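FYI, the numbering for the sequence shown is 1318 to 1732, going by our numbering.
Worksheet for the structure shown next.
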Amino acid sequence: MNRIIYLLLLLPLIVSCKSRFVALDRDNYRSSDVALMKYLAEKNIAVTDSNKVDILNGGVVKFEHLLEDISMARHHIHLEYFNFRNDSINAVVIEALAQAAARGVEVRAMFDAFGNMSNNRPLKKEHLRKIREKGIEIVKFDPITFPWINHAYHRDHRKIVVIDGTIGYTGGINVADYYVNGLEGVGKWRDIHSRVEGEAVAHLQNIFLAMWNRETGQNVGGNEYYPAAPKSDDARIAVVDRWPTRNAENMRRVYANAIYAAKDSVHIINPYFIPTYIVRGAMRDALKNGVHVEIMLSSKSDIPFTPDVALYTAYKLMKKGAVVYLYDGGFNHAKVMSVDGRFCTVGSTNLNSRSLCYDYECNLFIFDKDDTEELLTHYRRDKKEAFRLTREYWKSRPLLNRFCGWLGYMLTPFM
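Written as structure tokens, this is what we have:
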């Protein structure tokens, strides 16, 4: 009976996730980036003009940059993560934040209550008390309370940092030491993050403050959090945000239209590759249009069952012409895509129903050939630690694994 009630409660979300896809008119535009920017303008998603982007390849690089920026902060530091794991990296970050607070910097941190529960070293009441004693405001997003079901739908999966309103971060990397040291059972943990300066930072600030004020009941805001953006490089950036009750369809429609706009190539790395029918349909259309589609999955995962489903999904696309690689150098947790070598996306969004239809997510869509080429360079390096999916490999897998993949594919709206 409880399972039936749960399915009925999920039904409105499943129906909303299957909303009709209206594709942009790709043939009317000379290039995919122009087509997607036109689509974003039609949907009132701003494309900012003056930004400098650093593609941060891995946890070591991300935390080096982040700690240096924290040490230079003068007014405020805002952090929004799915989880802060209570480990060595977290200790280093908290100490850096404490030092910033001691010199008068406002420090606000928020983490998802479910994300905290789901990691094996969660922050507990005693840890939070000690963090607050250091002058850091830290809160849980949507604490889990009985009967839990009303809190299961929409979790805050974003990874956002804003420093002094001039520097922003987003991507796939939480605050956890396995991004540096790896994790037992999966080995090296690969991921990609981004650091941005320029006009796009104000949009990341908007996202953080909206969530913070909603959760705390505060009214933090004002010009001091939105300094004039310095003139920077020419990277154009759209900050695409998914807020379930405000712009629920944003992420999946932008992703789908980005793929549909492709004229030459699409390269994807995603750890939980169970895309909704809209995104799958865009991939099939791209393949029909002669676009070279490459998908990189991970042969290992931190979540059991997921690799079987992802591989089944990718195999179906492989039979329609996609090229699929399995990263075998550990667990590749990156959530990135490039299109035609003209634009790319880096963010927190997994290509599954959980991210595309339920959770709070944030991605940068970066319209710059140099940044896109840098992302492709990291993709090519990862391919050296990957092997290509073939029919022979698929048929060699145990029947039980193939069955689990099929079963999970049938349950895509729940994955």
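Where is the CB? At the ideal position from N, CA and C, for every residue including glycine.
Note that the coordinates shown come from a computational prediction; the quantities given were computed from them, not determined experimentally.
(request) Put Asn1649 into one of helix, strand or coil per three-state DSSP. (result) In the structure shown, Asn1649 falls within a strand segment according to DSSP collapsed to helix, strand and coil.
(request) For Thr1662, count neighbouring Cβ atoms within 10 angstroms of its own Cβ and tell me buried if that reaches 16, exposed if not. (result) Classification for Thr1662: buried.
(message) Please list the terminal residues of the continuous alpha helix (DSSP H) segment that includes Thr1672.
(response) First, the residue type needs correcting, since residue 1672 is Ser and not Thr in the sequence shown. Run containing Ser1672: none; DSSP gives neither H nor E here.
(message) Relative to the C-alpha of Asp1685, which candidate in Ile1461, Asp1551, Ile1480, Glu1412 has its C-alpha closest?
(response) That would be Asp1551, whose Cα lies nearest to the Cα of Asp1685.
(request) Apply the 10 Å Cβ neighbour rule to Gln1535 and answer buried if 16 or more other Cβ atoms are within range, or exposed otherwise. (result) That one is exposed.
(message) So within the stretch 1658-1711, which uninterrupted beta strand (DSSP E) runs reach at least 3 residues, ignoring any that extend past its ends?
(response) Runs found: 1660-1664, 1678-1684, 1703-1705.
(message) When you compare the CB of Val1364 with every CB in chain C, is at least one pair closer than 8 Å?
(response) In the displayed structure, chain C is absent; only one protein chain is listed.
(message) Considering only the alpha carbon of each residue, which of Lys1457, Glu1385, Asn1403 lies closest to Asn1437?
(response) Measuring from the Cα of Asn1437, the nearest candidate turns out to be Asn1403.
(request) Using the Cα positions of Phe1431 and Leu1440, report the straight-line distance between them to the nearest angstrom. (result) If I take the Cα positions, the gap works out to 11 Å.
(request) Can you give me the Cβ contacts of Ala1418 inside the same chain, cut-off strictly under 7 Å, excluding the 5 residues immediately before and after it? (result) In chain order, Val1424, Lys1451, Gly1452, Ile1453 place their CB closer than 7 Å to the CB of Ala1418, counting only its own chain and leaving out the 5 sequence neighbours on each side.
(request) Output yes or no for whether 8 Å exceeds the beta carbon distance between Val1557 and Phe1525. (result) Between Val1557 and Phe1525, the gap from beta carbon to beta carbon reaches 8 Å or more.
(request) Answer with buried or exposed for Asn1567, where buried requires no fewer than 16 other C-beta atoms within 10 angstroms of its C-beta. (result) By the C-beta density criterion, Asn1567 is buried, having at least 16 other C-beta atoms within 10 angstroms.
(request) Quick one: measure Cβ to Cβ for Gly1515 and Ala1546, integer angstroms, because I've assumed they're closer than 8 Å. (result) Contact between Gly1515 and Ala1546 holds, since their C-beta atoms are separated by about 5 Å, short of 8 Å.
(message) Assuming contact is defined by CB atoms lying nearer than 8 Å, are Tyr1589 and Thr1623 in contact in what I supplied?
(response) Against a cut-off of 8 Å, the Cβ pair of Thr1623 and Tyr1589 comes out as a contact.
(message) Taking the beta carbon of Val1377 as the centre, do at least 16 other beta carbons fall within 10 Å, making it buried, or is it exposed?
(response) Its Cβ having fewer than 16 others within 10 Å, Val1377 is exposed.
(message) Measuring only the C-alpha atoms, how far is Arg1719 from Gly1725?
(response) Pairing Arg1719 with Gly1725, the inter-Cα distance amounts to about 10 Å.
(request) Quick one: using the 10 Å Cβ neighbour count with 16 as the cut-off for buried, is Lys1447 buried or exposed? (result) Counting C-beta atoms within 10 angstroms of its own C-beta, Lys1447 has fewer than 16 neighbours from the protein chains shown and is therefore classed as exposed.
(request) Figure out for me which residue from Val1641, Ile1455, Ile1484 has the closest Cα to the Cα of Ala1390. (result) Relative to the Cα of Ala1390, the nearest Cα in the group Val1641, Ile1455, Ile1484 belongs to Ile1484.
(message) Measuring alpha carbon to alpha carbon, tell me which residue in Asp1676, Asn1649, Val1518 is nearest Phe1458.
(response) By alpha-carbon distance to Phe1458, the top candidate from Asp1676, Asn1649, Val1518 is Asp1676.
(request) Could you pull out every residue in the same chain whose Cβ sits closer than 6 Å to the Cβ of Leu1414, ignoring the five residues on either side in sequence? (result) Excluding sequence neighbours, Leu1414 sits near Val1424, Ile1453.
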